[in-house]
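Protein sequences, first through last, are from chains A and B. Note that the numbering used here numbers the first sequence so that position 180 is 355, with each residue one more than the last. Note that the numbering used here numbers the second sequence so that position 51 is 42, with each residue one more than the last.
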Amino acid sequence: MVLAIDFPPISHAIEWPDLFGTNGAFAINKVVLLMWLSAAIVFGLFFAASRRQQLVPTGVQNVGESIVDFIREGIILQTMGAEGLYWTPFLLTVFSFVFVCNIWEIIPVAQMPVNARIAVPILLALTVWVLYHFIGIKKQGFFAYFKSACVPPGVPKPILPLVFLIELVGIMITRPLSLSVRLFANMLAGHLLLISFAVLSTALFESTYIGAIVPGALLVALTGFELLVAVLQAYIFTILTAVYIGGAMHPEH
Amino acid sequence: MLYVLAEQDPGELVAGLTAVGRGIVYGGAAIGPGIGIGIVVGNAITAMARQPEAAGMVRTTMFLGIAFTEALALFGFVLAFIISG
């Protein structure tokens, strides 16, 4: 039995042809269109939810209020305290946008998570990076901010320069890098996993009809799992943003 | 063995070794975070079982811990793609 499994090279799985005769760095392809659509959906949802507000919410206002409530109760109050409620709109936007960008992974026809290309996660991570440094410097002052962020209390004098350097690299490079790579790699891994099982199922169905049952069932289960991953990654991105902003607002000790 | 290797097209050898390297990179990067996530989640479950009223706070912290631990495995995953022969 020869299985004709042609796994597409990685570039075929995530690269899309340029549309509308554009090319170069400003080319418009499927991923860009999905990103614009995500922004439009997020804007449309909250715009519709905030029109004609009623005391007893119905329909789309219900959806909007439950997301806002989740951000307030589940993320901000758990990590930043009541003072962080000022940042609800920003975190709400980040959460909704990342989630809608992720969920394209399992929507039929689209089936391409926008965050599986590094551009969107890195832009979001850089926004957060600029934001928490800005808040830290504004709230605490330049030197006080770097002192509170990079000099943990109770460190012996001789190893202080080393600790300072490690912490500085941590807040300058590791944080934005891990924030973007975490989101990117999770979505890319999920996308490739679904492609692998889809290719395997197709190949097994073409050669031995019955052999496709197990990978086909796994494909369905993994699609459900990817829904969970999409929510979880949006949640983790938002909660880390909240933690970084909260940490910049207050000196640690 | 060496004779067989010498007969081969060097490009094939490079491609094969690249594939092996990718496997080792991701496999090695997944060991530590695998253990780490196990410890994080295990202790979080213990904490939730002991104090169910604190479950919400523990869950938030657990996801944070998972996210920090998991990042290392994901660096390995990305590095595996970056390695090219």
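The C-beta atom is built at its ideal place from N, Cα and C for all residues, glycine as well.
In the DSSP assignment, the residues bridged to Ile203 of chain A are A:Leu194. According to the DSSP assignment, Thr37 of chain B belongs to the alpha helix (DSSP H) that extends over Pro1 to Arg41. Under a criterion of Cβ atoms nearer than 8 Å, the residues of chain B adjacent to Gln253 of chain A are, in order, Gly47, Met48 and Thr51. A distance below 6 Å between beta-carbons, with the five flanking residues on each side excluded, links Ile28 of chain B to the following residues of its chain, in chain order: Ile57 and Thr60. Distance from the CA atom of Val356 of chain A to the CA atom of Pro296 of chain A, rounded to whole angstroms, is 7 Å.
The alpha carbon of Val69 of chain B has as its nearest neighbour, out of B:Gly2, B:Gly7 and B:Ala20, the alpha carbon of B:Ala20.
Taken through DSSP and simplified to helix, strand or coil, Ile411 of chain A comes out as helix. Approximately 6 Å separates the beta-carbon atoms of Ile251 of chain A and Leu260 of chain A; this is inside 8 Å, confirming the contact. Contiguous beta strand (DSSP E) elements confined to the region 354 to 394 of chain A do not occur, taking only those with 3 or more residues. If you draw a 10 Å sphere on the C-beta of Thr254 of chain A, you find 16 or more other C-beta atoms in it, and that means buried. Listed by position along chain A, the residues whose Cβ is nearer than 8 Å to that of Ala62 of chain B are Ser353, Val356 and Arg357. Listed in chain order, the positions of the region 400 to 417 of chain A with a beta carbon within less than 8 Å of a beta carbon of chain B are Leu407, Tyr410, Ile411, Ile414 and Leu415. Secondary structure at Ala62 of chain B: helix, using DSSP grouped into helix, strand and coil.
Under the Cβ criterion of 9 Å, Ile36 of chain B is not counted among the residues facing chain A. Shown here, Gln315 of chain A sits in a helix according to DSSP, grouped into three states. DSSP places Gln286 of chain A in the coil class of the three-state scheme, outside both helix and strand.
At a beta-carbon threshold of 8 Å, none of the residues of chain B lie near Asn290 of chain A; the nearest stands roughly 13 Å away.
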